[in-house]
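Residue numbers (the numbering used here): -18 to 78.
The beta-carbon is built from N, C-alpha and C at its ideal position, and this holds for glycine as well.
Right, here's the structure in full:
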């Protein structure tokens, strides 16, 4: 940051610059961007495996629909692994890949 620029001007300059489409760091950051993705990844870092209810308890502000869709997105991007056990009742565990 130049000495004569304010923090707001510098941030605006960064945001207005054209992103490089082949930057690998930018692509990875876009995968984890979102309101709840980083929170879910953090909770899965603290616990090696986590069930849906445990994640819901640790993130009380998130809705069931948002948690489900975010977990599906993270699973699609291969950041989260979903393991389903064929038991009665069915049990599903989430973990980081």
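C-alpha distance - residue i paired with residue j, whole-angstrom precision
i	j	result
residue 78	residue 46	23 Å
residue 8	residue 23	19 Å
residue 30	residue 44	20 Å
residue 41	residue 4	35 Å
residue -10	residue 76	40 Å
residue 27	residue 55	17 Å
residue 15	residue 74	22 Å
residue 69	residue 37	22 Å
residue 39	residue -15	44 Å
residue 49	residue 67	20 Å
residue 25	residue 6	22 Å
Cβ neighbour criterion (16 or more within 10 Å) applied to residue i
i	result
residue -13	exposed
residue 61	buried
residue -18	With a pLDDT of 46 at residue -18, under the threshold of 50, the modelled position of this residue cannot be trusted; read the value that follows with caution. When all chains shown are included, residue -18 counts as exposed.
residue 10	exposed
Nearest residue (CA-CA) to residue i, options the options
i	options	result
residue 65	44, 38, 55 and 32	32
residue 57	-6, 18, -11 and -10	18
residue 72	59, 35 and -7	35
Whole-angstrom C-beta distance between residue j and residue i, which should lie under 8 Å
i	j	result
residue 13	residue 52	Not really, about 13 Å apart at Cβ, beyond 8 Å.
May I have a chain-ordered list of the alpha helix (DSSP H) segments no shorter than 4 residues that lie completely inside the segment -7 to 59? Those alpha helix (DSSP H) runs which fall completely within the segment -7 to 59 and span 4+ residues are 5 to 13, 18 to 27, 33 to 39 and 45 to 57.
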